[in-house]
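What follows is a set of notes on a single structure, which appears directly below.
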Amino acid sequence: MNIIKQATYNNKDYYLEGREHVFKGFIQVEKVQLRHRLFNRQEMIPTIQRELIHRPEAAGVLIYNHQQQKFALIEQFRIGAIDDAESPWQLEIIAGVLDGDESPESCIRRESLEESGCELNTLQHLFSFYPSAGACAELFHLYSAEAELPEQGGVFGMPDEGENIQLHILAYADIPTLLTNGRLKNAPVIMALQWLQQQLHTTRNV
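According to the numbering used here, the stretch in the sequence shown is residues -5 to 200, in order.
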């Protein structure tokens, strides 16, 4: 088996013994009891219990403009970073949760208008991934898109949803510093800027 193409086991190689909702709100929390196969063994692991957090699917986009040599990030207060040693105000890409059966692309275009005022050109899918699969079922869809960027940032968001979002317009020259100075602390923005840096490097060497 080629592990690069296929997982060692699949969804037939575990056995659910129980699932119980312990909280239902914007997020949901379950207690799950299960057994699963062990590597290089015939038997299963003894029953284990895990707490599983359910969040809606989410999507995010890195907005950039090659002609302007700039890209956009947003800054906002994040409850998950409330105990951060430096600040709970985090730099991120534009993102949001999917509304019902909304597609990731539709979500991104809506969120871009709400959080930056930018209308996006063609979207490019980069990755779909689980940000914290050890405890959370959220699936995140990461995209990039070109757009005409404003010369300066501004304040955006939906006040009735408690949003207060600062848009930052940054230069391509800022990417190396952002990727090394510790300011970025969430996976989507790091992955997106690494992708953009790689594209710029490839373009310069063509």
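Glycine included, each C-beta is placed from N, C-alpha and C at the ideal position.
Closest residue to residue 148 among 115, 62 and 110 (Cα-Cα distance)
110
Close-in-space but distant-in-sequence residues of the same chain around residue 117 (CB under 6 Å, 5 per side omitted):
Closer than 6 Å at Cβ, skipping near neighbours: 99, 137 and 139.
Could you spell out the range, first to last residue, of the alpha helix (DSSP H) harbouring residue 73?
Looking at the DSSP string, residue 73 is not in any alpha helix (DSSP H), and its letter there is neither H nor E.
Can you tell me whether residue 169 is helix, strand or coil according to DSSP?
helix
Sufficient close CB pairs (3 or more, under 8 Å) joining the stretch 13 to 27 to the stretch 36 to 47
yes
By how many angstroms is the C-alpha of residue 9 removed from the C-alpha of residue 114?
For residue 114 and residue 9, the distance between alpha carbons rounds to 44 Å.
Would residue 66 and residue 161 be called neighbours here (beta carbons separated by less than 8 Å)?
yes
Nearest residue (CA-CA) to residue 133, options 28, 56, 1 and 90
90
From residue 20 to residue 93, what distance separates their C-alpha atoms?
Each residue's alpha carbon lies about 12 Å from the other.
Starting from residue 63 and walking both ways along the alpha helix (DSSP H), at which residues does that stretch end?
Counting along the chain, residue 63 falls outside any alpha helix (DSSP H), and DSSP gives it neither H nor E.
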